[in-house]
Amino acid sequence: GTSSTAIIYDSMGCKVQEDRGTRMYNFNIMDSDAQLGKKVMDIIKSRCPADSATASTSSTLAKLLLWHLQKPLESNDILIHQADFISNTLLIDGFGYLQSGAPIPIDKSKIVSDWHNALKLGYDVHELKYPTWLLNLLRDDLGMEFSPLPQVVLQPGVSAGKVCESVAAKLGLDPQCQVVAGTTDSIAAFVASGAQQLGQAVSSLGSTLAIKALSSRPVQDSSRGIYSHRLSRDDLWLVGGASNVGCAILRQEGFSNEELVQCSAKIDPSTDSGTQFYPLLRPGERFPVSDPFKQPVLTPRPEDRSQYLHCILEGIARVEAAGYAALEDLGATPITEVFTAGGGSKNDMWTAMRARILQRNTSRAANVDAAFGCARLGVWYL
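So this is what it looks like as structure tokens:
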């Protein structure tokens, strides 16, 4: 699932609390309620380490606290991520939308999550547990005498158990089918790419830009939206971040697939546009700087559509380059090669432009399908 996309699930009523809504990866608590948002961030920053991935206005923990302050959570409520919802639907009889008959109360302690999705909730991927500061925050600052956090947090790709019998029967699955712990979409894209050497990186050019690089050591900096996912128990780390710039801006600016092809053919990737675009859809950035008030820059706007596309694509590439530079500045393994996933990987002109700006060998990944990455992750550990 997309990192930090979450819902509140009622374990007694066995249903998503739809009145609370889904909070997507780019949901910014300051945009939703500036006054409560400030209170949330004051609480988090008074407790969390300076480099924590939770110290962002779009972190999962920030969303959880805002939910609670807007309408207090009850003891049967639990936060679950996008990937958790799918996993637990397969694992637990009565969970999700496959239930039939009267709701069967769910044992919250059995709900499964994973290292990667739980990172921005505050899970400590070094110690492999929720840290004391987080538990104290929930109890002392919010007055919670219960935990709204998934308690079973597994290494991505390892077995979480067999599919439950009722779901196997409904979906026609082998009852021996193993359900493995999930991951995030950008990590799945990384695994799909085939990158496996230290210093190799993957840029996911979808609606937003996400970069990940394989490093021998973790790096963190919440002021730049940089965090590290633990890939295995062997001290292999995926370091990176996710920006709010990306290909979604192209649709907002009216580029069709056909026009993108036509305009790209007219762009010389070896030349600089001479502009400094920062093509955000709306104010607010996560990486390579965490700034909820950062403004989009889409001027000066050329009249020619090909030139305008040149400026936008170059602007995204410069954000990508700044992201990799920030990782190296913090001590990550130096980047040697960049594979590209996502819809933007299909544009050969843009790949050449990015190679010039990144100053590294840049190519399309052998496989760019995140679903393939999920399957490959499962094969690694089963």
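Here our numbering is used: the first residue of the sequence shown is 999, the next is one more, and so on. Every residue gets a Cβ at the ideal spot worked out from N, C-alpha and C, and that includes glycine.
query	result
CB-CB length for Gly1376 against Gly1155, believed under 8 Å	6 Å
Local Cβ density within 10 Å of Ala1323, reported as buried at 16 or more and exposed below that	exposed
Minimum length 4: unbroken alpha helix (DSSP H) runs contained in the segment 1140-1227	1163-1169, 1183-1191
Opening and closing residue of the alpha helix (DSSP H) in which Ala1051 lies	Neither: Ala1051 is in no alpha helix (DSSP H) and is coded neither H nor E.
CB contact flag (Ile1005, Ile1078, <8 Å)	yes
Residues near Val1014 in its chain [Cβ-Cβ closer than 7 Å; skip 5 each side]	Ile1005, Tyr1007
Contacts around Tyr1023, its chain only, beta-carbon distance under 6 Å, and the 5 residues preceding and following it disregarded	Thr1000, Ser1001, Ser1002, Thr1003
Complete alpha helix (DSSP H) runs within the segment 1228-1285 (minimum length 4 residues, chain order)	1246-1250, 1255-1263
Runs of beta strand (DSSP E) lying entirely within the segment 1302-1372, each at least 3 residues, in chain order	1335-1339, 1359-1362
Backbone CA spacing between Leu1117 and Thr1130 [nearest angstrom]	15 Å
Selection from Arg1358, Glu1283, Asp1112 that minimises the alpha carbon distance to Leu1126	Asp1112
Nonlocal neighbours in the same chain, by C-beta distance under 6 Å from Leu1071, ignoring five residues either side	Pro1146
Proximal residues to Leu1381 (C-beta, below 8 Å), its chain only, five neighbours per side dropped	Because the chain in this structure spans residues 999 to 1380, residue 1381 falls outside the shown range and cannot be described.
For Tyr1382, three-class secondary structure by DSSP	This structure leaves residue 1382 out entirely; the chain is present only between 999 and 1380.
Same chain, Cβ closer than 6 Å to Ser1202, five either side skipped, listed in chain order	Ser1184, Ala1187, Ala1208, Ala1339, Gly1340
Contact check, Phe1370 vs Val1200, beta carbons under 8 Å	no
Residues that DSSP places opposite Arg1045 in a beta bridge	Per DSSP, none; premise fails for Arg1045.
Exposure label - Ser1241; buried when at least 16 CB within 10 Å	buried
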